[in-house]
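A.B. asks: In the working numbering, each residue carries its 1-based index in the sequence shown increased by 224. Ideal Cβ positions, reconstructed from N, Cα and C, are used throughout, including at glycine. Let me give you the structure first, and then I'll get to my questions.
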Amino acid sequence: MNLFRFLIYISLFLLSIQFIDGMWLNLFEQFSPFTGMMNFMFNYGPIFMFHVFIGFILFILSLIEFVAFTRNQPIGVFLPLLNLLSIIMAGISGMLFMVTGFSNNYYSFIMAIGFIISIMSNSLMLVKVRF
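In structure tokens:
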């Protein structure tokens, strides 16, 4: 297995974990109103922090994929760029969802759209990548 396929597999695995803990947070956690960036680390628990951490790792990984794929793979710039932008979109909307006190569901919806676009772009990159 080459490095490109390995990066995509890791991204898809982390996106699956991100989905599971995001759904756990959405369905089973109760959030108090947002009172500041430092307070959220202590108030929202380990699953929330894990969700934020995985999101940051996904951003770094999509950035690495973008640089590596656009330099070394003939699949072009579109799919890696789409993946990077969808991760950024999901992260920003997640932060906005948090800042609005977890009450503005539009931000949650945009976060989910970013997740779906990232899953699709990673899957298409997996099909198009050279062995």
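For GLU289, report the span of its alpha helix (DSSP H) as first-last.
C.D. replies: In the sequence shown, the residue the question calls residue 289 occupies position 65. It spans 269-296 - the alpha helix (DSSP H) in which GLU289 sits, taken as one unbroken run.
A.B. asks: By the three-class DSSP mapping on this structure, what secondary structure does SER327 have?
C.D. replies: Position 103 of the sequence shown holds residue 327. Reduced to three states, the DSSP call for SER327 is coil.
A.B. asks: Hey, out of PHE280, LEU238, VAL323 and GLN242, whose CA is closest to PHE255's CA?
C.D. replies: For the purposes of this step, residue 255 is taken as residue 31 along the sequence shown, with counting starting at 1. Looking at the Cα atoms, VAL323 is the closest of the given residues.
A.B. asks: So what does DSSP say about GLN242, is it helix, strand or coil?
C.D. replies: In the sequence shown, counting from the first residue as 1, residue 242 sits at position 18. Residue state, collapsed to three classes: helix.
A.B. asks: What number of angstroms, rounded off, separates the C-alpha of PHE272 from the C-alpha of LEU249?
C.D. replies: By one-based count along the sequence shown, residue 272 stands at place 48. By one-based count along the sequence shown, residue 249 stands at place 25. Approximately 7 Å, taken between the alpha carbons.
A.B. asks: Any contact of the region 338-350 with the region 303-311, i.e. 3+ C-beta pairs under 8 Å?
C.D. replies: They touch, by the three-pair rule.
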